[in-house]
Amino acid sequence: MVKRNTARNSYWRSLKLMAPLLPPFWILPRNSLISTHRSWVLRIRHVRLMTGFFIGALLTSELALNLCRAVTLIESRYGFLRSGRMLRQLNHTIIALVPKSEHSPSVADYRPISCCNVIYKVITKIIADRLSPALEQLIDSSQAAFVGGRNITDNIFLAQENGSAVLEETDFTCCTINVDLRKAFDSVSWAFLSEYSMGTRPNSDFNFHPKCEKLKITHLLFADDLMLFSRGDLPSIHMLMECLQEFRDVSGLAVNTAKSNIFTADIQDDILDEVLAMTEFARGHIPVRYLGIPLAAQRLSVTDYSPLVDQIAGCIRKWTAKSLSFAGRLELRYPGSEYFWLQVFPLPMAVVEKIHRLCRAFLWNSKRAPVAWEEICHPKEEGGLGIQHIQSWNVVLLARVLWNIHRKADTYGPSGSMRIITDFSSTDAAIQHMAEWTDSKGLVTSKAYEYFRPKLPRQPWKASIWKAFILPKYSFILWLGLGERLATKTDLPSYMRTHPTPVH
Numbered sequence: 001m002v003k004r005n006t007a008r009n010s011y012w013r014s015l016k017l018m019a020p021l022l023p024p025f026w027i028l029p030r031n032s033l034i035s036t037h038r039s040w041v042l043r044i045r046h047v048r049l050m051t052g053f054f055i056g057a058l059l060t061s062e063l064a065l066n067l068c069r070a071v072t073l074i075e076s077r078y079g080f081l082r083s084g085r086m087l088r089q090l091n092h093t094i095i096a097l098v099p100k101s102e103h104s105p106s107v108a109d110y111r112p113i114s115c116c117n118v119i120y121k122v123i124t125k126i127i128a129d130r131l132s133p134a135l136e137q138l139i140d141s142s143q144a145a146f147v148g149g150r151n152i153t154d155n156i157f158l159a160q161e162n163g164s165a166v167l168e169e170t171d172f173t174c175c176t177i178n179v180d181l182r183k184a185f186d187s188v189s190w191a192f193l194s195e196y197s198m199g200t201r202p203n204s205d206f207n208f209h210p211k212c213e214k215l216k217i218t219h220l221l222f223a224d225d226l227m228l229f230s231r232g233d234l235p236s237i238h239m240l241m242e243c244l245q246e247f248r249d250v251s252g253l254a255v256n257t258a259k260s261n262i263f264t265a266d267i268q269d270d271i272l273d274e275v276l277a278m279t280e281f282a283r284g285h286i287p288v289r290y291l292g293i294p295l296a297a298q299r300l301s302v303t304d305y306s307p308l309v310d311q312i313a314g315c316i317r318k319w320t321a322k323s324l325s326f327a328g329r330l331e332l333r334y335p336g337s338e339y340f341w342l343q344v345f346p347l348p349m350a351v352v353e354k355i356h357r358l359c360r361a362f363l364w365n366s367k368r369a370p371v372a373w374e375e376i377c378h379p380k381e382e383g384g385l386g387i388q389h390i391q392s393w394n395v396v397l398l399a400r401v402l403w404n405i406h407r408k409a410d411t412y413g414p415s416g417s418m419r420i421i422t423d424f425s426s427t428d429a430a431i432q433h434m435a436e437w438t439d440s441k442g443l444v445t446s447k448a449y450e451y452f453r454p455k456l457p458r459q460p461w462k463a464s465i466w467k468a469f470i471l472p473k474y475s476f477i478l479w480l481g482l483g484e485r486l487a488t489k490t491d492l493p494s495y496m497r498t499h500p501t502p503v504h
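All letters in the sequence shown, in the order written, are residues 1 to 504 by full-length UniProt numbering.
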């Protein structure tokens with residue numbers, strides 16, 4: 001049966017059946033798939049020993065022993081973890097190729113995802129649980145991923161502040177390099193991971209980016225996404241490229257020049273030509289996407305938010321609205337894509353209206369909305385549907401960012417030196433007010449949302465129609481009926497351009 005299912009689910013059998021339905025660029029040559037997969041599996045990278053680098057942070061003896069201790073029955077409940085033996089069939093995996101974009105003509109445009117046995121998930125979970133206490137000691141503070149408590153938005157704000165100099169009128173030269181590592185998880189050398197930690201070689205000839213000199217920032221990292229900063233002179237940029245080359249030689253991680261960009265400000269044309277020739281990077285233009293968010297020196301226009309609107313529209317198009325009831329569509333409401341943007345930017349009203357228009361059309365199946373969206377965004381006790389008010393939630397997430405800046409002032413400077421604009425008289429007044437919304441773990445967003453959201457008189461009986469013993473579909477109809485919003489014969493003329501003529 002296993003062999004029969006394997007043959008039935010093979011790529012070539014599926015392709016033969018679906019070829020008439022697929023666009024031409026989706027059909028990949030067989031030889032290209034086999035050769036590419038073989039290069040991933042059999043690729044052996046020869047790296048040299050590191051010289052001139054200092055060894056990074058080391059584990060304490062206690063943590064090292066904890067990582068090497070035997071796996072207990074409580075951790076695994078699988079005997080093969082102790083014996084080291086497993087069935088050969090457990091090593092079988094299915095590799096799925098996920099396209100990176102809508103048009104993916106070559107194998108390089110696909111991301112390989114291995115669908116492994118659930119046992120590997122257990123092993124991975126055990127390793128992750130053991131590594132988590134040691135990661136904070138081993139991973140540099142410039143890396144915003146992998147360590148609990150570090151936030152991706154920290155890197156975005158720092159990149160925004162440092163990268164804004166590219167468009168501002170400045171009296172100094174500066175350089176920002178957005179580096180893309182070529183298939184980082186597939187090309188890293190295991191010898192490098194098992195024996196070394198990377199450091200940076202201090203050099204007095206290096207000139208910091210003018211906005212990074214006070215904090216001594218040379219780079220920002222989130223997983224394999226790297227951004228470098230320096231002054232816009234040849235020695236400093238050359239030193240950055242030497243570090244990248246040194247890192248490639250010892251780790252096997254190469255820079256993808258096709259996807260890397262360099263941004264400069266106030267550099268003379270002849271020097272700029274030398275920089276572009278030396279780095280082999282294309283010159284980037286502002287605004288640039290960093291970690292999915294556009295960075296610019298000035299306030300973003302409505303057009304700059306198009307990726308957010310398009311992403312939400314794409315998610316909604318994938319949902320089959322006609323096959324869902326009102327209650328089912330209510331559960332989906334916001335796709336969730338906007339929350340990442342809400343904690344970085346205050347969304348303009350025009351963008352909020354576009355998002356509301358998309359969600360409203362999905363909820364009411366592109367028909368006329370019997371209830372205003374603002375009314376829906378109230379709690380059920382106030383006659384709404386409990387959908388979050390997107391503008392109020394935007395303010396709450398930005399308030400949480402402000403609170404995190406206050407807690408981690410050393411991330412942004414000795415005095416938390418970021419330009420913050422609030423509705424309070426000062427930043428200190430805002431912090432003092434937000435202290436009312438916190439507990440031992442930090443700012444409680446539900447308390448802050450309750451403060452900022454628009455309110456109506458509470459009528460607890462309105463929430464009784466949403467009891468668990470009532471099907472959500474009927475609760476939704478009852479909610480419309482209590483609000484006199486059901487489509488009845490009395491309301492029919494308001495939905496039609498002309499009154500119907502009675503038939504005798």
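Virtual Cβ for every residue (Gly too), placed ideally from N, Cα, C.
1) Less than 8 angstroms between the C-beta atoms of C174 and H209, yes or no?
2) Do three or more CB pairs link the region 247-256 to the region 137-144 at distances below 8 angstroms?
3) Taking only the alpha-carbon atoms, compute the straight-line gap between L363 and A96 and give it to the nearest angstrom.
4) Tell me H433's beta-bridge partners as DSSP assigns them.
5) Starting from C243, trace the alpha helix (DSSP H) both ways and give me its first and last residue.
6) Please classify V396 as buried or exposed, where buried requires at least 16 neighbouring CB atoms within 10 angstroms.
7) Near E195, what residues of its chain come up, given a Cβ to Cβ distance below 7 angstroms and the 5 sequence neighbours on each side ignored?
8) Put E195 into one of helix, strand or coil per three-state DSSP.
9) So, is M434 buried or exposed, given that buried needs 16 or more other C-beta atoms within 10 angstroms?
10) Kindly list the residues whose CB is nearer than 7 angstroms to the CB of V401, restricted to its own chain and excluding five residues on each side of it in sequence; keep chain order.
11) Do you know how far the Cα of L59 is from the Cα of A128?
12) Once you ignore the five residues that flank V147 on each side, which residues in its own chain have a CB closer than 7 angstroms to its CB?
13) So what does DSSP say about S132, is it helix, strand or coil?
14) For L158, which option in I316, T218, V122 has the closest C-alpha, if you only look at C-alpha atoms?
15) Spatial neighbours of P379 within its chain, please: C-beta separation below 6 angstroms, excluding the five flanking residues on both sides.
16) By DSSP, does I286 sit in helix, in strand, or in coil?
17) At the level of alpha carbons, what is the spacing between A258 and N155?
18) Report the CB separation of S325 from K467 in whole angstroms; it is logged as a contact under 8 angstroms.
19) May I ask which residues mark the beginning and end of the beta strand (DSSP E) holding H219?
20) Below 8 angstroms on the Cβ atoms is my contact criterion, and I expect R130 with N66 to pass it. Report the Cβ-Cβ distance as a whole number of Å.
21) Pull up the distance between the alpha-carbon of S440 and that of V179, whole angstroms please.
22) Between the beta-carbon of A448 and the beta-carbon of A399, is there less than 8 angstroms?
23) Excluding the 5 residues preceding and the 5 following K354 in the sequence, name in chain order all residues of the same chain whose CB lies nearer than 6 angstroms to its CB.
24) Identify which residue in D273, G314, F345 has its Cα closest to the Cα of S301.
25) What distance in whole Å lies between the Cβ atoms of L291 and F222, which are believed to be in contact at a cut-off of 8 angstroms?
26) Whole-angstrom Cβ separation of E374 and R458, contact assumed at under 8 angstroms?
So, from the data block:
1) yes
2) no
3) 33 angstroms
4) Answer is none; H433 lacks a bridge partner.
5) 234-251
6) Around the C-beta of V396, 16 or more other C-beta atoms lie within 10 Å, and the residue is accordingly described as buried.
7) With a pLDDT of 49 at E195, under the threshold of 50, the modelled position of this residue cannot be trusted, and the question is left open.
8) Per-residue confidence for E195 stands at a pLDDT of 49, beneath the threshold of 50, marking its modelled position as unreliable; the derived number appears in the next sentence. Three-state result, E195: helix.
9) buried
10) T153, Q343
11) 16 angstroms
12) L135, E136, I139
13) Here S132 sits in helix by DSSP.
14) T218
15) G386
16) coil
17) 23 angstroms
18) Between K467 and S325 the Cβ distance is about 18 angstroms, and since that is not below 8 angstroms, they are no contact.
19) 219-222
20) 6 angstroms
21) 38 angstroms
22) yes
23) V309
24) F345
25) 6 angstroms
26) No, E374 and R458 are not in contact; Cβ-Cβ is about 17 angstroms, not under 8 angstroms.
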